[in-house]
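Q: The structure follows.
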Amino acid sequence: MRYRTSPSPLTLSGTKVRVWSHGASLLDRIWGRWRRRKGKMINFFVYQYHSQRGAVYAALLVMLLPVFWPALFSPLGHASPSMFSEWNAPKPRHASLLKGALNSEIPNERKSELWAPLAPQGWKPCIPSASITGRPVKSSGFIQVFLDGGLNQQRMGICDAVAVAKILNATLVIPHLEVNSVWKDSSSFEEIYDVDHFINVLKDEISIVRELPPEYAWSTREYYAVAIRATRIKTAPVHASANWYLDNVLPVLQSYGIVAVAPFSHRLAFDNMAGELQRLRCKVNFQALAFVPHINTLGEMLVKRLRYPRHVHSDEYIQEVVDENVSNEGNGKYVTLHLRFDKDMAAHSACDFGGGKAERLALAKYRQVIWQGRVMNSQFTDEELRNQGRCPMTPEEIGLLLAALGFDNKTRLYLASHKVYGGEARISSLRKLFPLMEDKKSIASSEELARVEGKASLLAAVDYYVSMHSDIFISASPGNMHNAMVGHRTYENLKTIRPNMALLGQLFLNKSLEWSEFQREVQGGHKGREGQIRLRKPKQSIYTYPASDCMCLR
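The sequence shown begins at 10 in the working numbering and counts up by one.
Set out below in structure tokens:
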């Protein structure tokens with residue numbers, strides 16, 4: 010049967026539609042009628058086709074913009090947000106208080122009181138009891154732990170691991186530090202802590218090995234990641250008792266000679282523990298966990314540059330010089346401010362930080378992606394959260410707190426933080442109040458920071474060292490770093506200011522408050538919050554409140 014090519018009306022987009030020759034005229038008539046009736050529809054589809062093609066071109070152009078003009082999409086620069094940033098650079102939310110702080114004069118008497126070391130309180134580290142049982146003659150087997158979190162959460166896990174090894178009479182394998190999803194740092198225990206020192210300090214308590222012997226070399230993180238294994242304990246409850254480990258972990262250890270506990274963070278109780286175990290946990294935290302030498306060396310260098318000289322920048326080096334103009338107020342002294350204000354914390358708090366609608370939407374989207382929207386604070390309004398003291402302070406607010414307490418613009422302030430959400434624009438008010446504010450990058454060259462750059466845990470370790478050697482420490486919000494510093498500095502009787510978050514939340518909500526009244530309320534609300542001993546209450550962490558488990562009156 011023959012066929013012919015259809016007339017041009019049936020030629021669409023260059024494709025020829027073939028029809029049977031018999032009845033072609035009938036088809037032509039049908040086509041003409043359909044074309045007249047449906048002409049408008051065809052025009053519509055043609056228009057849609059060209060519109061969509063234009064939209065595709067526009068989308069490609071937007072995708073290529075960051076390649077050819079990256080500055081438009083870069084994170085916040087020194088003073089303003091990028092053109093396509095997810096937030097608008099916030100103006101000072103407390104302009105009246107900021108103006109008052111910038112124009113205030115601090116009495117010398119208040120300065121002297123503020124910088125004075127913490128007076129002895131009679132509490133000192135407990136002397137080890139003679140009844141403490143020594144290292145067991147025969148080990149029950151090897152115990153491995155895999156630790157999540159950042160530096161300070163892992164630090165607490167290490168202390169608990171030693172205590173659990175003691176409970177089980179087990180040999181502890183140097184803990185494995187997981188790569189944190191937020192900090193993305195793969196640094197190992199050996200890269201952060203001095204392993205020889207760790208083993209030597211604890212040699213009379215438990216047996217510790219760097220790695221497993223060959224017959225147990227199969228027990229690795231990868232081994233436990235692909236299947237259920239009889240030697241892995243993954244059901245350890247949060248704050249498990251010593252008896253739980255004896256009942257549930259010891260049998261596995263005795264059967265196989267090895268056991269791996271993962272997850273392990275916060276898996277040992279603080280209450281109803283033998284005194285010797287509590288003191289052992291403190292011994293690990295405050296004595297055994299020393300940083301590797303290069304972190305200590307870098308930390309000491311930063312401390313020296315903060316204490317005495319000013320510094321002169323150049324592209325290649327930093328030359329230390331003595332500044333003759335530095336006043337005697339707080340000369341040679343500095344404050345460490347831990348300012349954790351990253352996107353993770355800002356989003357999880359569910360508070361409003363003044364970045365406008367775009368910022369609120371961006372943080373809400375982040376909560377949805379990371380926690381599927383399951384954030385307890387989301388059910389409260391910003392005002393309710395602030396009245397309860399559940400909002401982290403912004404850089405502006407922590408600056409106003411410091412100024413109200415009596416720190417002036419000659420205060421040397423060390424900023425310990427990973428990354429501030431909003432960049433320099435977010436901390437501009439803080440910098441106005443404290444122009445001598447420094448951080449690692451401002452007082453050390455890129456060459457000096459080379460071994461820690463890009464490694465969140467090592468950078469946090471440097472901050473930990475500098476914080477422990479500061480005259481005063483303060484944190485803008487509760488968290489693992491805050492808790493670690495409060496505990497360690499309490500143990501050493503060092504001045505540590507604990508912000509009264511509930512009071513501050515209420516004060517910052519009062520927009521009619523004058524500076525003098527704000528200053529009076531702040532100073533009154535922080536009496537007894539500068540490092541005075543607080544005894545641990547039930548369920549509280551021994552690493553934050555070491556008295557009276559690890560500290561005794563003498």
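Glycine included, every Cβ here is placed at the ideal spot set by N, Cα and C.
1) Here's a check: name, in chain order, each residue in its chain whose Cβ is nearer than 7 Å to the Cβ of A172, leaving out the five neighbours to either side.
2) Evaluate contact between the region 478-488 and the region 108-117, counting only Cβ atoms and requiring at least three cross-stretch pairs below 8 Å.
3) Three-state secondary structure (DSSP) at V65?
4) H206: which of R219, V258 and A299 sits nearest, CA to CA?
5) Are S438 and L107 closer than 8 Å when you measure CB to CB?
6) Considering only C-alpha positions, which residue in the set K504, I304, Y500 and G534 is nearest to M510?
7) When you compare only the Cα positions, how much space is there between K536 and P260?
8) Return the chain-ordered ranges of every alpha helix (DSSP H) run that is complete within the region 151-220 and spans a minimum of 4 residues.
9) By Cβ distance, which residues of its chain are closer than 6 Å to R316, with the 5 residues on each side in sequence left out?
10) Using only the alpha-carbon positions, how far apart do K441 and C400 sit?
11) Secondary structure at W132, three-state DSSP: helix, strand or coil?
12) How would you label H347, buried or exposed, when you count the other beta carbons within 10 angstroms and need 16 or more for buried?
13) Does the Cβ of R529 have 16 or more other Cβ atoms within 10 Å, making it buried, or fewer, making it exposed?
14) Could you work out which residue in R349, S190 and D448 is closest to L311 when comparing CA atoms only?
15) Between L186 and V293, what straight-line distance do the alpha-carbon atoms span, to the nearest angstrom?
16) Starting from F527, trace the alpha helix (DSSP H) both ways and give me its first and last residue.
17) Just to check my reading of the structure: L458 and R421 have Cβ atoms closer than 8 Å, yes? What is that Cβ distance to the nearest angstrom?
18) Look up E406 in the DSSP assignment and say whether it is helix, strand or coil.
19) Keeping to the same chain, check which residues put their C-beta closer than 8 Å to that of N396; ignore five residues upstream and five downstream.
20) Could you check what DSSP says for R102 in three-state terms: helix, strand or coil?
21) Check E114 in the structure and name its three-state DSSP category.
22) Beta-carbon within less than 7 Å of Y430's beta-carbon, same chain only, minus the 5 sequence neighbours each way: which residues are those?
23) What separation, rounded to the nearest whole angstrom, lies between the Cα atoms of C561 and C135?
24) Starting from the Cα of Y343, find the closest Cα among R314, S358 and R369 and give me that residue.
25) For C400, does the three-state DSSP call read helix, strand or coil?
26) Do you know how far the Cα of S197 is from the Cα of S525?
27) Using the C-alpha atoms, what's the distance from T345 back to S479?
28) Using C-beta distances below 8 Å, list every residue in its chain close to F443, excluding the 5 sequence neighbours before and after it, in chain order.
29) Between the region 226-235 and the region 199-214, do at least 3 Cβ pairs fall closer than 8 Å?
30) With I542 and T499 assumed to form a contact (beta carbons below 8 Å), what rounded beta-carbon distance in angstroms separates them?
31) Using the Cβ count rule (16 or more neighbours within 10 Å means buried), how would you classify K504?
32) What does DSSP give as the partner residue(s) for F482 in the beta ladder?
33) Tell me the residue span of the alpha helix (DSSP H) that contains L544.
34) Please state if the CB of L307 and the CB of C360 are separated by a distance shorter than 8 Å.
35) Taking only three categories from DSSP, how would you classify C360?
36) M402: buried (16+ other C-beta within 10 angstroms of its C-beta) or exposed?
A: Concretely, from the data shown:
1) L277, L286, L289 and R290
2) no
3) Confidence at V65 is low in this model, with a pLDDT of 47, below 50, so its placement is unreliable and no value can be given for it.
4) A299
5) yes
6) G534
7) 51 Å
8) 160-177, 198-201 and 204-210
9) G341
10) 23 Å
11) strand
12) buried
13) exposed
14) D448
15) 17 Å
16) W524 to G534
17) With a Cβ gap of about 20 Å, L458 and R421 do not count as contacting.
18) helix
19) A511, G514, Q515 and L518
20) coil
21) coil
22) F350, D351, K352 and A355
23) 5 Å
24) R314
25) coil
26) 50 Å
27) 6 Å
28) G408, L411, F416, N418, T420 and L422
29) no
30) 7 Å
31) buried
32) T345 and T505
33) No alpha helix (DSSP H) holds L544; DSSP gives it neither H nor E.
34) no
35) coil
36) buried
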